[in-house]
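Those protein sequences? They're chains W and H, same order as listed.
Taking the numbering used here, the leading residue of the first sequence gets 47, the next gets one more, and so forth.
Taking the numbering used here, the leading residue of the second sequence gets 382, the next gets one more, and so forth.
No residue lacks a Cβ here, since even glycine has one placed at the ideal position from N, Cα and C.
Computed from a prediction, not measured in an experiment: that's the story for all the values here.
Report on the structure given below.
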Amino acid sequence: MKKLCFRISVLVLAFLMVSPILSDNHESSILDKVKKRGRLICGVNKELPGFGYLSQDGKYKGFDVDFGRAIAAAVLGDPDKVEFRSLKAADRFPALQTGEIDVLIRNTTMTLTRDTANGADFCPPNFYDGQGFMLRKKLGITSLKELDGATIGVTAGSTTELNLADKMRTLGIKVESIVFEETETLYQSYDQGRCDAVTSDKSQLISRRASLKNPDEHIILDVTISKEPLAPVTVHGDNKWNDVVSWVVYATFFAEEHNITQAKVKNLKSDNPEIKRFLGDTGNIGELLGLPKDWARHAIGAVGHYGEIFERNLTPLGLPRGVNKPWTEGGLLYAMPFR
Amino acid sequence: MYHASNTMAQNSTNIPFWRDTRVLKVLFQILFLLGVFLLAGILYANMLKGLESRGLNLKLDFLRNEAGFDVSDSVVEYASSDTYLKSFYVGVLNTVRVSLVGILCATVLGLFFGIARLSTNWLVRNIAATYIEIFRNVPLLLQIVFWFTVFGSLPAANNSIELFNAVYINNRSIHFPSLQQTAGFSSWVGYLYAAAILAIISVFVLALIFYRKHAERMKEGDDNRYFMHISRAAKWSAVPVFLIVAIIGWFFAPESPFVLVRPEFQRFNVVGGIRFSASFISLLIGLSVYTSAFIAEVVRSGIQAVSKGQREAARAVGLSTGQTLRLIVLPQAVPIIIPPLTSQYLNLAKNSSLAAAAGYDDLFRIGKTIMTQAGKEIPVFAMIMVNYLTMSLTTSAAMNWYNSWVNRIKR
Numbered sequence: 047m048k049k050l051c052f053r054i055s056v057l058v059l060a061f062l063m064v065s066p067i068l069s070d071n072h073e074s075s076i077l078d079k080v081k082k083r084g085r086l087i088c089g090v091n092k093e094l095p096g097f098g099y100l101s102q103d104g105k106y107k108g109f110d111v112d113f114g115r116a117i118a119a120a121v122l123g124d125p126d127k128v129e130f131r132s133l134k135a136a137d138r139f140p141a142l143q144t145g146e147i148d149v150l151i152r153n154t155t156m157t158l159t160r161d162t163a164n165g166a167d168f169c170p171p172n173f174y175d176g177q178g179f180m181l182r183k184k185l186g187i188t189s190l191k192e193l194d195g196a197t198i199g200v201t202a203g204s205t206t207e208l209n210l211a212d213k214m215r216t217l218g219i220k221v222e223s224i225v226f227e228e229t230e231t232l233y234q235s236y237d238q239g240r241c242d243a244v245t246s247d248k249s250q251l252i253s254r255r256a257s258l259k260n261p262d263e264h265i266i267l268d269v270t271i272s273k274e275p276l277a278p279v280t281v282h283g284d285n286k287w288n289d290v291v292s293w294v295v296y297a298t299f300f301a302e303e304h305n306i307t308q309a310k311v312k313n314l315k316s317d318n319p320e321i322k323r324f325l326g327d328t329g330n331i332g333e334l335l336g337l338p339k340d341w342a343r344h345a346i347g348a349v350g351h352y353g354e355i356f357e358r359n360l361t362p363l364g365l366p367r368g369v370n371k372p373w374t375e376g377g378l379l380y381a382m383p384f385r
Numbered sequence: 382m383y384h385a386s387n388t389m390a391q392n393s394t395n396i397p398f399w400r401d402t403r404v405l406k407v408l409f410q411i412l413f414l415l416g417v418f419l420l421a422g423i424l425y426a427n428m429l430k431g432l433e434s435r436g437l438n439l440k441l442d443f444l445r446n447e448a449g450f451d452v453s454d455s456v457v458e459y460a461s462s463d464t465y466l467k468s469f470y471v472g473v474l475n476t477v478r479v480s481l482v483g484i485l486c487a488t489v490l491g492l493f494f495g496i497a498r499l500s501t502n503w504l505v506r507n508i509a510a511t512y513i514e515i516f517r518n519v520p521l522l523l524q525i526v527f528w529f530t531v532f533g534s535l536p537a538a539n540n541s542i543e544l545f546n547a548v549y550i551n552n553r554s555i556h557f558p559s560l561q562q563t564a565g566f567s568s569w570v571g572y573l574y575a576a577a578i579l580a581i582i583s584v585f586v587l588a589l590i591f592y593r594k595h596a597e598r599m600k601e602g603d604d605n606r607y608f609m610h611i612s613r614a615a616k617w618s619a620v621p622v623f624l625i626v627a628i629i630g631w632f633f634a635p636e637s638p639f640v641l642v643r644p645e646f647q648r649f650n651v652v653g654g655i656r657f658s659a660s661f662i663s664l665l666i667g668l669s670v671y672t673s674a675f676i677a678e679v680v681r682s683g684i685q686a687v688s689k690g691q692r693e694a695a696r697a698v699g700l701s702t703g704q705t706l707r708l709i710v711l712p713q714a715v716p717i718i719i720p721p722l723t724s725q726y727l728n729l730a731k732n733s734s735l736a737a738a739a740g741y742d743d744l745f746r747i748g749k750t751i752m753t754q755a756g757k758e759i760p761v762f763a764m765i766m767v768n769y770l771t772m773s774l775t776t777s778a779a780m781n782w783y784n785s786w787v788n789r790i791k792r
């Protein structure tokens, strides 16, 4: 009888251990979890200077990292209440799906398959990119067709891997692709001459070229073979959380449109009704998002508007703003109305 | 009253089931098993529910979709327009390839260094000990990356090292010349058939002649001698007959059946011949050197387990050191070596999943690519696990069979 009691109690215990998982349905949003935890967990890159990298003092820095800090500031009121986890391209979606990270901001291209089959929900793109090729100047190559027979390096689990195969098939040429999981190994191999060219998002090529042995010996071909809208990602089905991340991104666009800088935002008083709503002086947009009234003040106060984030991280690499300009200046950044 | 006590007496031999230990034992086990199944069921249902809420499922029909990515190392023909299933299959083949070749190399190296470590020669013994201790104690991942980096310091493709105008080595790959069939091949195959038939006939003829000659002695039942002579006849007549006819056929065929294809450098890469990529070679070296250090220790312990008296007795009857090792020590050491050796083989096959570090397209790496590109983590992970499990179980079944075979011979 003692044994029976023991076994039954084991079962009951086991059931009790499982039941919290069962009750963990999606009525509770990641937003609530982040607030309860008091800390945001953000998946980033650690090998891409400009976008996401570990600086010499051991802190994560970069364009994507700043967006993570802006979200933390908006939700928790403090841009430092965020923990960054570095992820390889091939590991990022599993990390998001399993709830290891709250939000993924890791130069991730939005595609239909990812939006559906990968269990991800995309926010508005914060960087419009395109896939290019980098190779040695001395090869004298100007078009892709001349790459027939070459070895081309590419990152595993990326859209670039698929675009490369597609493009080469349309051009009817055969290249050998060599695939690496670590961005670091990819560019090291390229530098050693183990591949003739390397293909990736142009921003990444520009950012990595600077760290090659002789940056001047390499050129980036004047061809763009794909559209790469890079966007923050949240897990599929959590609309409340997706709204928060999306509107933080829009907030950075909006702030640039209205020239609300990091320096000014704290004590800014405006007569413009939309800016007043944006800053939380009137209206209830904060409440609608489940955030504090002054969330936008905190977000912009932490990292500045889009232009400031760009200039701080990407301009030093020599990256032109291109289409990543406000729509008022002919770019693609278009904040939805804060109303 | 009397009646009642009578029934009680009857019941005492027929105890109720809830007090019968024989029944209870089984009952508890059934209950426990039910509990385990219930728990597994709850977990499974929970997983399905979680997947569903994220819009995911466990269906495998995505495997028929186009993969869309390229694979650099493939034994079979593969293009990015093939299906996910095909790309997975390519990965399986690549894992099998590196494991099989790796096991072979590791065994040869391990046997060599294991024996060398017991050598009476100071230098040989210490070189072997150093080899074993270095490669056994450095993490495998580090070793694979090391070999891959070493490979990278070789000359570039347009500046390849050339050996005998046939073998090309550069930081991307090693190329060997290959044999290619020509139009003359099919007629040469005809000669080969003829050669085989002639060889078989020659064995029968010799056997017949021998049987006539020794018919008397056969009756005494000396079967062994008969078979010995047949095998000798096969060795001395069939093999030469086959070779001579095959060589004659080579010259009489309308065209030489094979031509040698030499690799040559084109615009970007060395092309033609048999190619081994740097990724494959570095992974192979890493795996076989690392595992060989462990195998060497297994071999050494096996040899040392054979009692010293055996060796001394062998020397006493006048066998040389080599003969002692080959005829006396190794046959007794092998049954001791095989079980731990099997574990080393299994380790090698499983460690091949570190291939990604050298950019080799093995099962795990391709599986991970499929996972990300198709968004099917759980089904693909299950497929990968089933594959490794099958490979390991097959290896261990083969080794168990070999083990029992060796032990049968011994006793």
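Check	Outcome
Beta carbon of W:F168 nearer than 9 Å to that of W:M156	yes
Neighbouring residues, chain H, relative to W:S316 (Cβ below 7 Å)	Near W:S316 there are no residues of chain H at all, since even the closest Cβ is about 41 Å away, more than 7 Å.
Interface residues of the segment 364–375 of chain W facing chain H [CB-CB below 8 Å]	none
Proximity test, Cβ basis, 9 Å: W:G203 and chain A	The question asks about chain A, but that chain is absent: this structure's protein chains are W and H.
Closest Cα partner of W:W293 within the set W:R131, W:W341, W:G203, W:L363	W:W341
Unbroken stretches of the beta strand (DSSP E), 3 residues or longer, contained in the segment 158–241 of chain W	166–168, 173–182, 197–201, 222–226
Straight-line Cα distance separating H:I719 from H:Y671	18 Å
The segment 521–528 of chain H / the segment 730–739 of chain H touching (three or more Cβ pairs under 8 Å)	yes
Contacts that W:L208 makes with chain H (C-beta to C-beta distance below 7 Å)	G449, F450, Q754
Short CB-CB distance (under 9 Å) between H:K467 and chain W	no
C-beta atoms of H:Q430 and H:A448 nearer than 9 Å	According to the sequence as given, residue 430 of chain H is Lys; it is not Gln. Cβ atoms of H:K430 and H:A448: not closer than 9 Å.
C-beta neighbour in chain W for H:L441, strict 9 Å	no
Own chain residues within Cβ distance below 6 Å of W:Q143, not counting five before or after	G165
Run of the beta strand (DSSP E) containing H:S559, from where it starts to where it stops	559–562
Beta-carbon spacing of W:E93, W:E230 below 9 Å	yes
Delimiting residues of the beta strand (DSSP E) encompassing W:H264	264–266
Test: W:F356 CB closer than 9 Å to a CB of chain H	no
Cβ neighbours of H:Y459 in the same chain (closer than 6 Å, five flanking residues each side left out)	V452, V471
Against chain H: residues of the segment 138–157 of chain W by CB proximity under 7 Å	F139, P140, Q143
Per-residue contacts from W:T216 into chain H (C-beta, under 8 Å)	By Cβ distance, chain H contributes nothing, its closest Cβ being about 11 Å from W:T216, past 8 Å.
Distance CB(W:I147)-CB(W:K191) smaller than 9 Å	no
Same chain, Cβ closer than 8 Å to W:D237, five either side skipped, listed in chain order	L258, K259
Opening and closing residue of the beta strand (DSSP E) in which H:S658 lies	655–658
Straight-line Cα distance separating W:I321 from W:A309	16 Å
Distance, W:G195 Cα to H:L474 Cα	24 Å
DSSP state of H:F646 mapped onto helix, strand, coil	strand
Beta-carbon proximity of H:I717 to H:R692, cut-off 9 Å	no
Pairwise C-alpha distance: W:A202 and W:V111	22 Å
W:D110 at chain H interface by Cβ criterion, 9 Å	no
From W:D137, W:P362, W:T328, W:N288, residue whose alpha carbon lies closest to that of W:L335	W:N288
Same chain, Cβ closer than 8 Å to H:E645, five either side skipped, listed in chain order	V651, V652, G653
Three-state class that DSSP yields for H:I396 in the structure shown	coil
Cutoff 9 Å: H:N552 Cβ touching any chain W Cβ	yes
Closer than 9 Å to chain W by CB, H:L437	yes
Short Cβ contact (9 Å threshold) for H:T723 with H:M780	yes
H:A659 vs H:F529 beta-carbon contact at 9 Å	yes
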